[in-house]
Amino acid sequence: MKDFLDQLTLVHGRLSDLRAVWFPFLFLKPKSKTERITSVRRFFMTVCFSWYGACFWPVKQLLLSQPVDQREWIIFSLKCFGFFAIWFRLVTTPLWNRRARMLEEGVNVGDEGP
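Under my numbering, the residues of the sequence shown are numbered 118 to 231, in order.
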């Protein structure tokens, strides 16, 4: 199981290092690979990314020539917030922080420097 978790941490770390993953909120990305994601940063990540995701719903509706219903948009926005809150809490933060700890302890995680 540990090998699987190590591999998952490595893959997630490589993806999380990409600037495109953090677009348009590059300021939320930790400055170095050893900087941990705090609960405050996670909250702002959740707010920013859920807001960004919710902005696409009306665009989709307009492109498909469907009505833009305010109630449905609010429900979609809340679903975005819930999704990102869960994703960042259960996936992104634990794996990012695990890699940060591994790097601090000198464990080779296959990365080329910070």
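Quick reminder that beta carbons are idealized off the backbone N, C-alpha and C, glycines included.
Assign residue i to buried or exposed, taking buried as 16 or more other Cβ atoms, counted over all protein chains shown, within 10 Å of its Cβ.
i	result
Thr163	buried
Cys197	buried
Leu212	buried
Thr151	exposed
Pro231	For Pro231, the predicted structure reports a pLDDT of 46, less than 50, and the residue's modelled location is therefore unreliable. The matter cannot be settled from this model.
Lys119	exposed
Gly223	exposed
May I ask you to report which of helix, strand or coil DSSP gives residue i?
i	result
Arg153	coil
Asp123	helix
Lys148	coil
Pro231	Model confidence at Pro231 stands at a pLDDT of 46, short of 50, so the residue's coordinates are unreliable and nothing is read from them.
Arg185	Note on identity: in this sequence residue 185 is Val, with Arg being the wrong assignment. DSSP places Val185 in coil when its eight states are reduced to three.
Val138	helix
Gly223	coil
How many Å lie between residue i and residue j at the Cα?
i	j	result
Glu189	Arg206	26 angstroms
Tyr169	Val185	17 angstroms
Val176	Ala202	23 angstroms
Arg136	Glu221	22 angstroms
Ser173	Met219	Note on identity: in this sequence residue 173 is Phe, with Ser being the wrong assignment. Taking the straight line joining both Cα atoms gives about 37 angstroms.
Asn225	Asp123	11 angstroms
Asp134	Leu143	11 angstroms
Ile192	His129	29 angstroms
Phe140	Lys146	10 angstroms
Cys121	Leu179	Reading off the sequence shown, one finds Phe at residue 121, where the question assumed Cys. Approximately 43 angstroms, taken between the alpha carbons.
Could you give the C-beta distance for residue i and residue j, rounded to a whole number, given that I count them as a contact under 8 angstroms?
i	j	result
Arg216	Thr155	Going by Cβ atoms, the distance from Arg216 to Thr155 rounds to 15 angstroms, so no, they are not a contact pair.
Ser194	Ser167	7 angstroms
Thr210	Arg159	5 angstroms
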